[in-house]
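Numbers 1 to 249, taken from the UniProt record's numbering, label the letters of the sequence shown in order.
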Amino acid sequence: MATIEQVAVVTGASQGIGRGVAEALLADGHRVALVARRREPLEAVAAAHPDQTLPIAADVSDPEAVDRIYEQVAGQWGRVDVLFNNAGAFMASTETADVSWEDWRRVLGVNLDGAFLMARGAFRMMREQDPAGGRIINNGSISAHAPRVNSVAYTTSKHAITGLTKSITLDGRPHDIACSQIDIGNAETPMTAPMKAGIAQPDGSVMREPVIDVAHVANAVRYIIDLPLEANVQFMTVMATKMPYLGRG
1 MATIEQVAVV
11 TGASQGIGRG
21 VAEALLADGH
31 RVALVARRRE
41 PLEAVAAAHP
51 DQTLPIAADV
61 SDPEAVDRIY
71 EQVAGQWGRV
81 DVLFNNAGAF
91 MASTETADVS
101 WEDWRRVLGV
111 NLDGAFLMAR
121 GAFRMMREQD
131 PAGGRIINNG
141 SISAHAPRVN
151 SVAYTTSKHA
161 ITGLTKSITL
171 DGRPHDIACS
181 QIDIGNAETP
191 MTAPMKAGIA
201 QPDGSVMREP
211 VIDVAHVANA
221 VRYIIDLPLE
231 ANVQFMTVMA
241 TKMPYLGRG
């Protein structure tokens with residue numbers, strides 16, 4: 001299918017999955033608002049595509065900061081066709097009883113509050129723009145289905161993303177707003193580096209886990225946004241074939 005130029009917002013665009021997806025969309029000719037906390041890595045991505053990019057340093061868990069993101073996108077391009085809702089926070093492996101309130105709120109603040117705020121802002125623009133409509137793609141996780149040990153905050157946030165995705169899907173129908181969720185397993189990023197060295201399993205063992213190139217995730221996003229709005233990928237899982245998932249514990 002021929003790619004049609006679109007305006008996309010990618011959060012967590014400074015590294016890992018977000019950066020890989022942003023660079024793939026830029027290579028396809030799309031215009032991309034690059035969102036992350038740190039501006040310097042965003043500028044590095046933007047330097048190769050100065051006419052297609054809008055770097056925005058922002059905290060997606062801050063409602064006022066998110067409002068400003070969409071004000072800038074509207075001022076630059078007048079619309080938004082795609083949100084890749086990717087920004088995420090993590091914490092060290094910790095048993096439930098030992099998780100601090102500060103860590104719980106930090107992870108939920110980015111992974112859930114931030115995902116909602118970004119989706120709300122995109123929904124508002126998509127509903128009002130002419131022509132109306134667009135796509136919101138939430139980055140779920142294998143942890144939206146099967147938790148790792150000692151990951152209560154992250155796992156809870158990713159289970160909640162599934163509910164967010166389903167609700168947006170229903171609310172978006174009258175406005176031609178489609179919502180998808182990509183559940184990613186072991187894409188090779190700085191976060192997954194420990195998996196190649198060994199990571200704790202439910203039976204108490206430590207296992208080296210396989211990883212996949214971020215390009216496979218980028219290609220999944222490309223496929224979804226190339227669909228006409230009459231078609232949607234509701235849920236997709238992209239994972240390392242031999243990673244623990246089915247039967248994970």
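Ideal placement from N, C-alpha and C gives every residue a C-beta, glycine not left out. Please read these numbers as outputs of a predicted model, since none were measured by experiment.
Using the Cβ count rule (16 or more neighbours within 10 Å means buried), how would you classify residue i?
i	result
A2	Because the pLDDT of A2 is 46, which lies under 50, any placement of that residue in the model is unreliable, and the number read from its coordinates should be weighed accordingly. When all chains shown are included, A2 counts as exposed.
G249	In this prediction, G249 scores a pLDDT of 46, lower than 50, which makes its location untrustworthy; the coordinate-derived value is nonetheless stated afterwards. Exposed, since its Cβ has fewer than 16 Cβ neighbours within 10 Å.
residue 250	For the chain, the structure presents residues 1 to 249; residue 250 sits outside this window and is missing.
E24	This sequence places Ala at residue 24; Glu is not what is there. Per the 10 Å Cβ criterion, buried.
T241	exposed
Y70	buried
V10	buried
G198	exposed
S205	exposed
G29	exposed
A231	exposed
S93	exposed
G75	exposed
R38	exposed
For residue i, which residues of its own chain have a beta-carbon under 6 Å away from its beta-carbon, when the five flanking residues on both sides are left out?
i	result
V217	I17, I184, A187, V238
L112	S157, A160
V214	I17, G20, A187
M207	Q201
D81	Q6, V7, G134
H49	L26
A150	Residue identity differs from the one stated: residue 150 is Asn in this sequence, not Ala. Within the same chain, N150 has close Cβ partners S93, T94, E95.
Would residue i pass as a contact of residue j if the rule is Cβ separation under 8 Å?
i	j	result
F84	V45	no
V107	F90	yes
R31	V66	no
Q234	T169	yes
A47	S14	no
G140	T155	no
L26	L54	no
A57	L42	yes
S167	I224	no
G114	A144	no
How far does the alpha helix (DSSP H) with residue i in it reach, from first residue to last?
i	result
Q76	63 to 77
M125	115 to 128
N186	Neither: N186 is in no alpha helix (DSSP H) and is coded neither H nor E.
G16	16 to 27
V80	That residue, V80, is in no alpha helix (DSSP H); it is neither H nor E in DSSP.
A8	Note, A8: premise wrong, no alpha helix (DSSP H); beta strand (DSSP E) at 7 to 11.
V238	Here V238 belongs to no alpha helix (DSSP H); instead the beta strand (DSSP E) covers 235 to 239.
I225	214 to 226
residue 250	As shown, the chain starts at 1 and ends at 249. That puts residue 250 outside it, with no answer to give.
How about residue i: is its C-beta nearer than 8 Å to some C-beta of chain C?
i	result
D183	The structure shown contains no chain C, having only a single protein chain.
Which same chain residues end up closer than 7 Å to residue i when comparing Cβ atoms and leaving out the 5 residues on each side of it in sequence?
i	result
A153	M91, V99, D103, W104, V107, L108
E40	none
A220	I182, M236, V238
L229	G133, D176, A178
Y245	I142, A146, G185, M239
R79	V7, M125, Q129
Would you kindly report the start and end of the unbroken beta strand (DSSP E) that includes residue i?
i	result
I56	53 to 57
V110	V110 -> no beta strand (DSSP E), and no H or E assigned at all.
I136	134 to 139
V152	Premise fails: V152 lies in the alpha helix (DSSP H), 152 to 172, not in any beta strand (DSSP E).
A33	31 to 36
V60	First-last for V60: undefined, no H or E at that position.
For residue i, which residues of its own chain have a beta-carbon under 8 Å away from its beta-carbon, when the five flanking residues on both sides are left out?
i	result
P63	L117
Q52	L26, G29, H30, R31, V32
S61	G109, V110, D113, G114, L117
Quick one: does the C-beta of residue i sit closer than 7 Å to a heavy atom of the ligand GTP?
i	result
D98	With respect to the ligand GTP, the structure offers nothing, as it holds no ligand at all.
The stretch 114 to 123 contacting the stretch 92 to 103, beta-carbon criterion three pairs below 8 Å: Result no; under three Cβ-Cβ pairs closer than 8 Å.
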